[in-house]
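Written below as structure tokens is the structure these notes are about.
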Amino acid sequence: MATPITIPDCARKLLEFLYPTVDWNGVMFFAGKPWWMLPGYGAITIPNPLGVCGYRIYLGDATDFCKDSTIDTIVHEGFHVQQFTAVAGGCGFGMVRPGLTQYLACYLSVLSYDNNPFEVDAYAQENAFAACRTANKIKVCDCTSGEPLLDPTALDALKACNEKLIVTRPRLPHCPWWSWLLVPIALILVLILAVLGFIAHLFDLLNCTYLTFQSRQCVQWGQSARDECNQWADHGHDQCNDWRDDGYETCNEWGTSASSSCCTWWPCSWGCQALVWVFTQICTGMVWVVNMVCHGVIWIANIVCVAWVTIIEVVCLVWMFVIRTILFCWWR
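The sequence shown lines up with residues 676 to 1007 when you count with my numbering.
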């Protein structure tokens, strides 16, 4: 039976250091395993069956944070979280997440846990971490005082040993190209898991507290995503203006060069100068039109981006409302 736990600050600081793009407030940790987990697996990371963006890490028996093996497990499972967040921010409905779908598609393409590219990358991260820890005698959670406390030099020592341990850009592994052909089958499996997971976790007493937090997270994600849309649009408008200024400059430089090449005797010089002026104005006008089109495309794209984010945010909140109503959270 799995029991929710609060991991020590040293372990949390390590995860935040190695995977800074993950919102660790949305990740729950458990001692033990889910009842449906097959024997032989020590730990597992799954999307929260009732959540939208959150995840659950089941550590099995690896709950003694004074042991190096437990820290290695945390690093491995934390890497899976950042893998899943590489697609759509790791969000979805219950266990229906793009990252989990891709995980199963990759598994089906090789029919092997050990050779699944998701696991290959996660074990590579775990082994690289363990190598640095062993070679430099790094103890992230120092237990000399009797409880696990963060060694203030540990994180810097890890960075000095191997900067690649710090994942600043969430990424998916390189799965065989035919894994994409297996996505429909993987999606069916995910839908089955989602239904079973929903039923299995429906009466978890922690759900109401978690779902309240998840509702706030929907709003926070929506605001953050809209800000990114607007920042992208601002950058796009600036780029349009830069192209416009470069275009005007090119037109004027051409006009100046062409004028200097005109014949010097009248009326030839007058006709040449007039022709150059006309072409310069046409050039400038074309630059202006292209600039307006550029701004228009950016403006429309920004509206679509903001609207899409808002729709997802509303759906997220509605989903949370429905689940909280089903669980009678409003009356607890």
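C-beta: ideal position from N, C-alpha, C; glycine also.
Asked	Found
In or out: Leu-833 buried (at least 16 other Cβ within 10 Å) or exposed?	buried
So what does Tyr-798 bridge to, in DSSP terms?	According to DSSP, Tyr-798 bridges with nothing at all.
Under 8 Å, with one C-beta from each stretch per pair, do the region 858 to 872 and the region 771 to 787 reach the 3-pair mark?	yes
Let me know if Asn-791 comes out buried or exposed under the rule of 16 or more other beta-carbons within 10 Å of its beta-carbon.	buried
How many angstroms separate the CA atom of Glu-928 from the CA atom of Pro-942?	24 Å
Using a threshold of 8 Å, state whether the C-beta atoms of Pro-758 and Leu-840 are closer than that.	Pro is not the amino acid found at residue 758; the sequence shown has Gln there. Result no, Cβ atoms of Gln-758 and Leu-840 do not sit closer than 8 Å.
Distance check for Met-703 and His-849, CA to CA, integer angstroms please.	28 Å
Would you decide whether Val-962 is buried or exposed? Buried here means 16 or more other CB atoms lie within 10 Å of its CB.	buried
Just reading off the alpha helix (DSSP H) that Tyr-788 is part of, what are its end residues?	No alpha helix (DSSP H) contains Tyr-788, which DSSP labels as neither H nor E.
Leaving out five residues on either side along the sequence, give the residues of the same chain with a beta carbon under 6 Å from the beta carbon of Asp-739.	Thr-745
Ends of the alpha helix (DSSP H) at Met-995?	943 to 1001
With DSSP as the reference, label Val-702 as helix, strand or coil.	strand
Check each candidate in Leu-783, Gln-898 and Val-697 and name the one with the smallest Cα separation from Pro-859.	Leu-783
For Pro-851, is the classification buried or exposed, using 16 other Cβ atoms within 10 angstroms of its Cβ as the cut-off for buried?	exposed
Where does the unbroken alpha helix (DSSP H) through Pro-859 begin, and where does it stop?	858 to 875
Hey, Phe-705 and Leu-734 are a contact pair by Cβ (cut 8 Å); roughly how many whole angstroms apart?	7 Å
Cys-926 and Thr-887 - do their beta-carbons sit closer together than 8 Å?	no
Pull up the DSSP beta-bridge partners for Leu-825, would you.	Cys-816
Quick one: any contact between the region 900 to 915 and the region 970 to 981, if contact means 3 or more CB pairs under 8 Å?	yes
Identify, in the order they occur along the chain, each residue of the same chain with its Cβ nearer than 6 Å to the Cβ of Asn-811, setting aside the five sequence neighbours on each side.	Ala-832 and Cys-836
Answer with buried or exposed for Trp-974, where buried requires no fewer than 16 other C-beta atoms within 10 angstroms of its C-beta.	exposed
Using only alpha-carbon positions, find the residue among Gly-753, Phe-754, Glu-752 and Gln-777 that is nearest to Ala-763.	Gln-777
Considering only residues of the same chain and omitting the five flanking positions on each side of Leu-779, which have a CB-CB separation below 7 Å?	Ala-861, Leu-864 and Val-865
Span of the beta strand (DSSP E) holding Arg-772?	Careful: Arg-772 lies outside any beta strand (DSSP E) and carries neither H nor E.
Confirm the yes/no value for this check: CB of Ile-1001, any heavy atom of the ligand GDP, distance under 7 Å.	With respect to the ligand GDP, the structure shown offers nothing to examine, as it has no ligands at all.
Below 8 Å, can you find three or more Cβ-Cβ pairs linking the region 798 to 815 to the region 712 to 729?	no
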